[in-house]
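All residue numbers for the sequence shown refer to the working numbering, where the first residue is 681 and numbers rise by one.
Using N, Cα and C, we set each Cβ at its ideal position, and we do this for glycine too.
Take a look at the structure set out below.
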Amino acid sequence: MQSVQRLVTAFLILFAFSAEAQDAKMKTFIDALMKKMTLEEKIGQLNLPGSGDIVTGQAKSSDIGKKIREGKVGGLFNIKGVEKIRDVQRVAVEESRMKIPLLFGMDVIHGYQTTFPIPLGLSCSWDMNAIEQSARIAATEASADGICWTFSPMVDIARDARWGRIAEGSGEDPYLGSAIAQAMVRGYQGNDLTKNNTIMACVKHYAMYGAAEAGRDYNTTDMSRLRMFNEYLPPYKAAVDAGAGSIMASFNEVDGIPATGSKFLMTDVLRRQWGFKGFVVTDYTGINEMIDHGMGDLQQVSALALKAGIHMDMVGEGFLTTLTKSLKEGKITLKEIDDACRLILEAKYK
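This is the structure we're talking about:
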């Protein structure tokens, strides 16, 4: 028995040493890369536009292609097809100055080519092995098509049947939701993101998206900290504990502040309490929509999001078009831009 324990201890020490060595290697690589990058190229890594006007064979001549060539794009979402993805990636790695590859993300929710039951249906099985296997199959198929990032699992606890997105989650129970969150992350990411058949998970929508008042999407969420931490936050934390590589911010307000601009959620809880090491992306134009919440103009809400702990801007291009000005005016710091850029580059490296 003692010999087995010694063997296990030796393995754990070796694993920890190997992980530490890999982290040091990654840091050295990214340090050197970022020293060569301009401010505009760093901000470009934080920009996640949609696939727009890209068609096979015309990536170079598209507006998105021009931005990629100029280093103003960090990734694309909802672009499908090996030929399209290869054409776009070629522009990034051959024609941009820094030759940094793009992330390609898609809503792979309940299967890619093989279709599985909707997440609410999968949750009814209480079969974690089957649920993990469904995510593993989806990852194998999506990665074969050039997708390396999925906006899944959706782990929002939902207890109001009027909420229109209840079908995407696992229901009302935080224990079940937490178990499924971990199973999905394991299924998508496996134990090694460098493998060709794994994809990075993006846990959504952080936080408490399913608890919006009256089941109205984008509405405010107002609850006690006791209920928040005991009933609504556990599935997100479970996914973080399982090693999820990214998190998506939610649209709803939490105690009067849009989640996309909430330092309490994005920094105090997610990073300081839970130790999350990945990056946070907005939902579709999530930064821009803070304007309608009365949080300021595009420049103001973009600075608010960055300072809160958002690292990638989906579609809205608030980061791309305003952060340079905000930096000059002292409303944000270069360190905040560098920290966000580093997290995106670390995800690509991994």
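Would residue i pass as a contact of residue j if the rule is Cβ separation under 7 Å?
i: VAL788; j: ALA822; result: yes
i: LEU978; j: THR1002; result: yes
i: VAL773; j: LYS764; result: no
i: ALA918; j: SER858; result: yes
i: LEU756; j: LEU719; result: no
i: ASP836; j: GLY791; result: no
i: TRP843; j: GLY895; result: yes
i: GLY751; j: GLU775; result: no
i: PRO854; j: GLU933; result: no
i: VAL981; j: MET994; result: no
i: MET834; j: LYS884; result: yes
i: GLY745; j: VAL771; result: yes
i: MET706; j: TYR1029; result: yes
i: ALA1027; j: GLY867; result: no
i: VAL920; j: PHE944; result: no
i: LEU983; j: LYS1015; result: Looking at the sequence provided, one finds Ala at residue 983 rather than Leu. Not a contact, by the Cβ cut-off of 7 Å.
i: ILE759; j: SER742; result: no
i: MET946; j: VAL960; result: yes
Exposed or buried, residue i, counting other C-beta atoms within 10 Å across all chains shown (16 or more means buried)?
i: SER930; result: buried
i: ARG816; result: buried
i: GLY997; result: Reading off the sequence, residue 997 comes out as Glu, not Gly. GLU997 is buried by the Cβ-count criterion.
i: ASP711; result: exposed
i: ASN727; result: buried
i: VAL753; result: buried
i: PHE784; result: buried
i: GLN953; result: exposed
i: LEU913; result: buried
i: GLN869; result: buried
i: ASN968; result: buried
i: ALA819; result: buried
i: ALA704; result: exposed
i: SER698; result: exposed
Out of the options, point me to the one whose CA is closest to residue i's CA.
i: ILE879; options: VAL960, ASN871, ALA919; result: ASN871
i: GLY958; options: ARG1022, GLU969, THR1013, ALA939; result: ARG1022
i: THR1033; options: ASP840, ALA838, ILE990; result: The displayed coordinates of the chain run from 681 to 1030. Any statement about residue 1033 would go beyond what the structure contains.
i: PRO799; options: ILE811, GLU774, PHE831; result: ILE811
i: MET928; options: GLY955, LYS746, ALA819, THR965; result: THR965
i: ILE748; options: LYS715, VAL768, MET992; result: VAL768
i: THR874; options: TRP829, GLU893, ALA838; result: TRP829
i: ALA988; options: LYS722, ILE827, THR962, MET786; result: THR962
i: VAL949; options: TYR886, LEU1000, ILE827; result: TYR886
i: ALA861; options: TYR916, ALA838, GLY974; result: TYR916
i: ALA863; options: GLY923, ASN876, GLU1016; result: GLY923
i: GLY724; options: GLU1016, PHE999, ILE1012, ASP1019; result: PHE999
i: ALA841; options: GLU893, CYS882, GLY867, PHE796; result: GLU893
i: ALA847; options: CYS804, MET717, VAL960, CYS882; result: CYS804
i: ILE937; options: THR900, ASP921, GLY955, ARG839; result: THR900
i: HIS973; options: ASP935, ARG905, LYS1008; result: ASP935
i: ILE827; options: ALA838, SER850, MET786, GLN793; result: MET786
i: ASP897; options: ARG777, PHE709, ALA838; result: ALA838
i: ARG777; options: MET714, THR795, ALA701; result: MET714
i: SER850; options: TRP806, ARG951, THR1004; result: TRP806
i: PRO729; options: PHE796, MET992, PRO797; result: MET992
i: SER942; options: LEU906, LEU1007, MET888; result: MET888
i: VAL865; options: ASN877, ASP902, ALA881, MET946; result: ALA881
Under the three-state reduction of DSSP, which class applies to residue i: helix, strand or coil?
i: ASN871; result: coil
i: MET706; result: helix
i: MET786; result: strand
i: GLY732; result: coil
Contiguous beta strand (DSSP E) assignments of at least 3 residues, all confined to the region 790-838: Taken in chain order, the region 790-838 contains no complete beta strand (DSSP E) segment of 3 residues or longer.
Any beta strand (DSSP E) of 3 or more consecutive residues that is wholly inside the region 924-1001: Listed in chain order, the complete beta strand (DSSP E) runs (minimum 3 residues) inside the region 924-1001 are 926-929, 959-961.
Contained beta strand (DSSP E) runs [length at least 3] in the region 742-778, N- to C-terminal order: Qualifying beta strand (DSSP E) stretches, in chain order: 755-757.
Secondary structure, beta strand (DSSP E): runs of 3+ residues fully inside the region 836-921: 880-886
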